[in-house]
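*Asks:* Sharing a structure with you now.
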Amino acid sequence: MRNPVSPLGNATFDGFCKIREIGPLGMISLRAKPDVKELAKAVKTAVGTKLPAQRRIEVAGDKACGWMSPDEYLLILPYAETGAAMEAIAREMGAAHHLAAAVSDARAVFRVEGEKADQVLAKLCPVDFETLAEGELRRTRAAQVAAAFWKDGDGFTVVCFRSVAGYVMGLLTHSAEKGSELA
Amino acid sequence: MLILECPYCGVKAEETELSPGYEAHLKRFGPGSSPEEFEAYMFARKNPKGVHFERWRHAYGCGKWFLAARCTATLEVFGTYPAQSGEPPADLQAKIKAKRPNWEGYK
Amino acid sequence: MSTRLQKGGRLIDRTRSASFTFNGKRLSGFAGDTLASSLLANDQMLVGRSFKYHRPRGIVASGAEEPNALVNMGEGGRFEPNQRVTTTELFDGLTATSQNHWPSLEFDVGVVNNYAARFLPAGFYYKTFMFPRFAWKHVFEPIVRQSAGLGKVPQGPEVDRYEYAYAFCDLFIVGGGIAGLQAALVAGQAGSRVILVEQTAHWGGRAPVDGDVIDGKPADQWVKDTVQALEKLPNVTLRLRTMASGVYDHGYVLADEKVADHTPGDGRPRHRLWRIRAGKIISAQGAIERPLSFAGNDIPGVMLASAVRDYVVNFAVSPGDRTVVVTNNDDAYRTAIALKEAGLEVPAIIDARTSLTGDLPAKAKAMGIRVEAGRAVVKVKGGKRVTGVSIGLQAGEGAVLEDIACDAVAMSGGWSPVVHLWSHCAGKLVWDEAQAHFRPDPKRPPTNQDGAAMVAIVGAANGNLSAAAALADVAAQLGGSAVTAVEVPEAAMLAVWIMPQGAGPALKMKMWLDYQNDVKVSDVQLAAREGYTSVEHTKRYTTLGMATDQGKLSNINGLAVLAGALNDQIPNVGTTTFRPPYTPVPFGALAGESRGEIFQPLRKSPMHGWHEAHNAYLEPVGLWRRAYCYPRAGENHEQAVNREILNARANVGMLDASTLGKIIVKGPDAGRFLDMLYTNVMSNLGIGKCRYGLMCNEQGFLSDDGVVIRLSEDSWLCHTTTGGADRIHGWMEDWLQCEWWDWKVYTANVTEEYAQIAVAGPNARKVLEKLGGMDVSKETLPFMTFADGTLGGLPVRVHRISFSGELSYEIATPASHGLALWEALIEAGQEFGVMPYGTEAMHIMRAEKGFIMIGDETDGTVIPQDLNLGWAISKKKADYLGKRGQERTHLASPDRWKLAGFETLTGGVIPDGSYIIADGHNANGQRNTQGRVTSTYYSPTLKKGIAMGLIKGGMDRLGDVVEFNTVAGSTVKAKVVDPVFYDKDGEKGNA
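Residue numbers (our numbering), protein chains in the order written: chain A, 1 to 183; chain B, 1001 to 1107; chain C, 2001 to 2991.
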């Protein structure tokens, strides 16, 4: 099997922050209600985290589980492990009502890194970064497209749809140009 | 530009993160309904100056539809609540009545 | 003459000079100058021509309210018209040219309008350009175009960058004068998140110029100390050069930051548009001085008294050697005193009031300045600059008592609070009789989402004009430690709307209310006589208060004159509506980052790069860019499309179909749900099978179509049209969340997870077999089935579905393998004659097969029955979305236009958009119609024109010859035929 390719071939840009397209990452959209008793174990088995609370993302090494909506979770893991995780979910969930769909290839993922990384996103997203908590997964829009991000290390991980990867890279590049720092 | 708090994810979303869905609490009339019932379902919409119940989708957020009670004249928002509600919650109705004593009520 | 003084100037740095050009003339100023102060320092009194009469005009003001001194700024990609010289910071290399004149500023042909002024009264355009009708196009419009517009339109593309930024705060404070600074300090020290913006490059506002003493310190020192204290607070953000443009619902504010207007080309964004959400907005924007309406008040050299003071104190520029001050209040005496202290002459202060009791008049007299009470300026003498004033009684009709020689006039008609931000969201105003101005009504503020006051207004903007009153206002509204300013007692002002009071028509025709739009006292009075009693109507009729300054100087004077003409009270006449922006915002700032490559999101399939590399002509399909065709050297698009079709029909073609919507629907109630969504039954579809389905809205109109496949006992995958993917997913979620929320169904939009490739043509199977990995034979994988497996080592799902009518496989693979699969198929297909084909070939091939296209055969008024798709509508189902709608009598009528095929008698192509004409005419005199074309193409396969369309009677009309209209007025005869033009028995697709 050939290696999967990320939408932009891991493009980078150096401005007042560093922008990197990363991935492809393994991603699974898992829809189920949190009160389904099989769910917590399925998530634990698939990515090793507990079930995240509202708007939170739980991270365990190179895997994570984010809260997307009251009945939707985003599981993140190495691309090659997606198939095994899908099987684990199917096994653990059994007959419980759920939907698991691989979405690794439907996404583009970026890292925005640097001391002023929040400023890059503050030019694009109607989000108050001063009140964005550590470990909070925020779904919003970046300029004209849907995006989700969370603080991670010295920056943010940003997820958008694959087809608009070039547009989002353009946005991030424009916003991170040297000399355009907000403060 | 409005801000509405999504009752599902708790985000105080601005209008650009939402998409509107017009009047809330419509009753669907399908096959077997009278022309008058179907007309009311399809076309008869309230257009009050004052308290109004409407549908919004947190389109750029959690994707969920929710309902909002809002004053169309002042844009005051009385509250938001889940779409899985047959009618506005009683405490919200009481709150509106307290703020707008002349409101004729939900029905 | 206006000149630079030898000493002084609190804002300029005499050690750093800056050279600039005005109308090509090389001039110089100092760092810290505005373009206005440096023009005056170079004795450039005349800076432009007025809009309508082309009268010579000079600088009137010193800030954002300037109506006259608008210039074309910059060159090439940085050219921008209508820039106010008073708000333009001088920088080395600045270039500016004056506007509204031809051939030159000094000699302007258009000034003839000035002499014809009596023939260009209010409403001139409305009265003149009415009849005859033909004259509009050939006479009036060319003339109006020649003389219309302020400034020139930029010709080249913009070279600067712009951006947005979002910000959030508890308090957004507008105005960096002493009230705004003190408000920020109080709130900041109390722990609020504060953003304070100031539109100019300096903190402190008017207080330092007025010589106020605050907390025992000179205002300059107090401002410096306060800014330092604010800078230490981490919860306070300070931004200079940032203009709050408007207040919108729920505490939303737009503010335009001029990041690099004064440092062009330094790499920073030129402007940044802040989109701010504030808990509360505090407007501390101060007040604007009003002109007085006397004859000749627009001659260069007549300026606002406060502006004269600003130029002297801030920039060490004197607008004249001899300045007459004319006023109705005490404040203007500060100007006389400042001029005198700078060593300049003040021949007289003309005060309309008969009794002068304040401290400032006393001080002026003590300095030896002649003060004339109860007097008026009857008229100003001069043309391109002031040469003197004629003085008379304010209570008189204009009899001249004395002429005084002077080269500048400083006028003050009182002060108007800046209430724009208070008013944008319906904050109400009250008329303050004592100060003759509108100020905010604290009982009727604009309200926010909680019904609470959204805007507060403090300081001079709240009608508290002195420093002491402004600071007391801040303390009263925000608390904090008491800060006091030395109070200089001022006597009451006198409302003066016309000077002199009894001036006759000849004088009134020279009394300018609105400098920018050339509106005079006589125009407003004429409007009132002609029945324009509403201030909003008068504005539009006379153009009072329009254009770039939006009447910052003229509005109160104008409506006072209107009230006088109507014999009504000023508060009854009211103000026009205040609307954003407060001052003009460049289009670039509004566009933000949305330019060039990121003007809008372009959606690209995983194979997009391949299409571009292979000379694809791309067409927009929603936000997607899809390959329309792949022209080869020497081919036009039509030739390329025809080749692609013929090759797919003869050999094999490949289409990038990745954009098709793909939605997984899963759960115990998924079958029941799909049966509601689609007009036909999906719950009984066998696992591994494909079925075509239709979706309607509740009115019954066809909204989308596509192939549904059954993945497992409880899961289906629905294909939608390219444009329908997000819409149909949203539609599904709407019903699941808001109507049938107890049904156990989940959906997932996996459109972008998969690349999808249609391989179509007689050789399609051979291509797949060459790649190998799974059995794609007719026996194992018959028509309308699918199977999962691998091809060429890549994971795939292969569907036997066909939109072209050929033997066809639609192959889905995870998007990150899409390009690899595409290239593998192209390579494997070489020996079988494979060619990629684009969307136009797809459209024509489906039309040859008589397949409908959402958006061509449908337009939101067409039901499936109209398209002969009754076979895809379940008769057994009690309900589906749209069923009740379709039962309405007019949708069930036999008279509806229905689908049929058409062929012209000559073999030509029916024009797109044509209607089928019927006998007679309708009530509007238009030909009656009986149908219209919906898809029309040249079919390279059949070598003739083919079409689908809707016609009354539908397929019952087979064989009839009908006439389609054309734009040219002729008609095209065509025969009604079966819409399936190619492979009527479907043998090819089934192969």
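Cβ coordinates follow ideal geometry from the N, Cα and C atoms, glycine included. A quick note: this is a predicted structure, and the numbers were derived from the prediction, not measured.
1. Under 7 Å Cβ-Cβ, which residues of chain C neighbour Ser-29 of chain A?
2. Does the Cβ-Cβ distance between Arg-111 of chain A and Ile-22 of chain A come in under 8 Å?
3. Taking three-plus beta-carbon pairs below 8 Å as touching, is the segment 2574-2591 of chain C in contact with the segment 154-163 of chain A?
4. What residues of chain E sit near Pro-1031 of chain B, judged by a beta carbon separation below 8 Å?
5. Under a CB-based cut-off of 8 Å, is Val-36 of chain A close to chain C?
6. Please report the residue range of the alpha helix (DSSP H) in which Asn-2557 of chain C lies.
7. Is there at least one Cβ from chain A nearer than 8 Å to Ala-2815 of chain C's Cβ?
8. Who are the near neighbours of Tyr-2628 of chain C in its chain, counting only those whose CB is closer than 6 Å to its CB and skipping five residues on each side?
9. By how many angstroms is the C-alpha of Leu-1002 of chain B removed from the C-alpha of Ala-2373 of chain C?
10. Using three-state DSSP, classify Glu-257 of chain A as helix, strand or coil.
11. When you compare each of C:Met-2695, C:Ile-2282, C:Leu-2711 to Gly-2688 of chain C by their alpha carbons, which one comes out closest?
12. Run through DSSP, which three-state label would Met-2835 of chain C get?
13. Quick one: Cα of Ile-2299 of chain C to Cα of Ala-146 of chain A, how far?
14. Using beta-carbon positions only, say whether Leu-30 of chain A and His-98 of chain A come within less than 8 Å of one another.
15. Compare the C-beta of Tyr-2250 of chain C with all C-beta atoms of chain B and state if any pair is closer than 8 Å.
16. CB Leu-2553 of chain C to CB Glu-2075 of chain C, shorter than 8 Å?
17. Can you look up Gln-144 of chain A in the DSSP assignment and give me helix, strand or coil?
18. Using a Cβ cut-off of 8 Å, which residues of the segment 2257-2283 of chain C contact any Cβ in chain B, in chain order?
19. The segment 2607-2626 of chain C: which residues have C-beta closer than 9 Å to a C-beta of chain A, in chain order?
20. List the residues of chain C that Gly-170 of chain A touches, going by C-beta distances under 7 Å, in chain order.
21. In chain A, which residues lie less than 7 Å from Tyr-3040 of chain C when you measure between Cβ atoms?
22. Can you give the beta carbon distance from Val-2209 of chain C to Val-2326 of chain C, rounded, assuming they're within the 8 Å contact cut?
23. Using a Cβ-Cβ distance cut-off of 8 Å, determine whether Ala-2650 of chain C contacts chain A.
24. Taking Cβ to Cβ, would you say Thr-2679 of chain C is nearer than 8 Å to Ile-2917 of chain C?
25. Using a beta-carbon distance cut-off of less than 7 Å, what residues from the segment 52-74 of chain A approach chain B?
26. Mind pulling the beta strand (DSSP E) runs of 3 or more residues that sit fully within the segment 2382-2453 of chain C?
27. Taking 8 Å as the threshold (C-beta atoms), are Glu-1014 of chain B and Pro-52 of chain A in contact?
28. Under 8 Å, do Ile-2801 of chain C and Met-2784 of chain C count as touching if we go by C-beta distance?
29. Can you name the residues of chain B whose CB is closer than 7 Å to the CB of Gly-2502 of chain C?
30. Between C:Gly-2204, C:Ala-2255, C:Ala-2426, which lies nearest to Ala-1073 of chain B when the distance is taken from Cα to Cα?
31. Any contact of the segment 2221-2237 of chain C with the segment 2191-2200 of chain C, i.e. 3+ C-beta pairs under 8 Å?
32. Inspect the CB distances between the segment 2801-2815 of chain C and the segment 2762-2778 of chain C and report whether three or more fall short of 8 Å.
33. So is Gly-2661 of chain C buried or exposed if we call it buried at 16+ other beta carbons inside 10 Å?
34. With DSSP as the reference, label Glu-1037 of chain B as helix, strand or coil.
35. Three-state secondary structure (DSSP) at Asn-2697 of chain C?
36. In chain order, what residues of the segment 2733-2761 of chain C put their CB closer than 9 Å to some CB of chain B?
*Replies:* According to the structure data:
1. Here residue 29 of chain A refers to the residue found at position 29 of the first sequence. In chain order, Ala-2748 make up the part of chain C whose C-beta sits under 7 Å from the C-beta of Ser-29 of chain A.
2. By 1-based counting over the first sequence, the position of residue 111 of chain A is 111. By 1-based counting over the first sequence, the position of residue 22 of chain A is 22. In contact: Arg-111 of chain A and Ile-22 of chain A (Cβ atoms closer than 8 Å).
3. With the rule of 3 Cβ pairs closer than 8 Å, the segment 2574-2591 of chain C does not count as touching the segment 154-163 of chain A.
4. Absent from the structure: chain E. Protein chains present are A, B and C.
5. Here residue 36 of chain A corresponds to residue number 36 of the first sequence, with the count starting at 1. Not closer than 8 Å to any Cβ of chain C, the Cβ of Val-36 of chain A fails to qualify, so no.
6. For the purposes of this step, residue 2557 of chain C is identified with residue 557 of the third sequence, where counting begins at 1. Counting along the chain, the unbroken alpha helix (DSSP H) around Asn-2557 of chain C starts and ends at 2555-2566.
7. Numbered from 1 along the third sequence, position 815 holds the residue referred to as residue 2815 of chain C. Under the Cβ distance rule, Ala-2815 of chain C counts among the residues neighbouring chain A, one pair being separated by less than 8 Å.
8. By 1-based counting over the third sequence, the position of residue 2628 of chain C is 628. So the list reads Tyr-2617, Glu-2619, Gly-2838, Thr-2839, Glu-2840, once near-sequence residues are dropped.
9. Along the third sequence, one-based indexing puts residue 2373 of chain C at 373. Along the second sequence, one-based indexing puts residue 1002 of chain B at 2. Separation of Ala-2373 of chain C and Leu-1002 of chain B (C-alpha to C-alpha, rounded to the nearest whole angstrom) is 54 Å.
10. Because chain A here runs from 1 to 183, residue 257 of chain A falls outside it and cannot be looked at.
11. Within the third sequence, numbered from 1, the residue matching residue 2688 of chain C stands at position 688. When each option's Cα is compared against that of Gly-2688 of chain C, the closest is C:Leu-2711.
12. For the purposes of this step, residue 2835 of chain C is identified with residue 835 of the third sequence, where counting begins at 1. Met-2835 of chain C: strand per DSSP, three-state reduction.
13. Within the third sequence, the letter at position 299 stands for residue 2299 of chain C. Within the first sequence, the letter at position 146 stands for residue 146 of chain A. Their backbone Cα atoms lie some 56 Å apart in a straight line.
14. The residue labelled residue 30 of chain A in the question sits at position 30 within the first sequence. The residue labelled residue 98 of chain A in the question sits at position 98 within the first sequence. Contact flag set, yes.
15. Locating residue 2250 of chain C in the third sequence gives position 250, counting from the first residue. It is His, not Tyr, that sits at residue 2250 of chain C in the sequence shown. Yes, contact with chain B.
16. Locating residue 2553 of chain C in the third sequence gives position 553, counting from the first residue. Locating residue 2075 of chain C in the third sequence gives position 75, counting from the first residue. Their beta carbons are not under 8 Å apart, which means Leu-2553 of chain C does not touch Glu-2075 of chain C by this criterion.
17. Here residue 144 of chain A refers to the residue found at position 144 when the first sequence is read from its first residue. Note: Gln-144 of chain A maps to coil in three-state DSSP.
18. Across the segment 2257-2283 of chain C, CB contacts with chain B closer than 8 Å involve Arg-2277, in sequence order along the chain.
19. His-2608, Leu-2623, Trp-2624
20. Position 170 of the first sequence, counted from the first residue, corresponds to residue 170 of chain A. The contacting residues are Glu-2597, Ile-2598.
21. In the structure as shown, chain C starts at 2001 and stops at 2991, and residue 3040 of chain C therefore has no counterpart that could be examined.
22. Here residue 2209 of chain C is taken as the residue at index 209 of the third sequence, counted from 1. Here residue 2326 of chain C is taken as the residue at index 326 of the third sequence, counted from 1. Actually they are not in contact, since the Cβ atoms of Val-2209 of chain C and Val-2326 of chain C sit about 20 Å apart, beyond 8 Å.
23. Counting from one through the third sequence, the residue named residue 2650 of chain C turns up at place 650. No, because no Cβ of chain A sits closer than 8 Å to the Cβ of Ala-2650 of chain C.
24. Position 679 of the third sequence, counted from the start, is the residue given in the question as residue 2679 of chain C. Position 917 of the third sequence, counted from the start, is the residue given in the question as residue 2917 of chain C. No, the pair does not count as a contact, with Cβ atoms beyond the cut-off.
25. Gln-54, Arg-55, Met-68, Ser-69, Pro-70
26. 2386-2393, 2402-2405, 2408-2412, 2415-2417, 2429-2432, 2437-2440
27. Counting from 1 along the first sequence, the entry for residue 52 of chain A is found at position 52. Counting from 1 along the second sequence, the entry for residue 1014 of chain B is found at position 14. Contact: no.
28. Your numbering for residue 2801 of chain C matches position 801 in the third sequence. Your numbering for residue 2784 of chain C matches position 784 in the third sequence. Against a cut-off of 8 Å, the Cβ pair of Met-2784 of chain C and Ile-2801 of chain C comes out as a contact.
29. Start at 1 with the first residue of the third sequence, and residue 2502 of chain C comes out as number 502. By Cβ distance, chain B contributes nothing, its closest Cβ being about 46 Å from Gly-2502 of chain C, past 7 Å.
30. On the second sequence, residue 1073 of chain B is found 73 positions in, with the first residue counted as 1. Measuring from the Cα of Ala-1073 of chain B, the nearest candidate turns out to be C:Ala-2426.
31. yes
32. yes
33. As a working note, residue 2661 of chain C is residue 661 in the third sequence. Classification for Gly-2661 of chain C: buried.
34. Your numbering for residue 1037 of chain B matches position 37 in the second sequence. Here Glu-1037 of chain B sits in helix by DSSP.
35. Within the third sequence, the letter at position 697 stands for residue 2697 of chain C. The answer is coil: DSSP assigns Asn-2697 of chain C none of H, G, I, E or B.
36. Glu-2733, Asp-2734, Gln-2737, Cys-2738, Glu-2739, Trp-2741, Asp-2742
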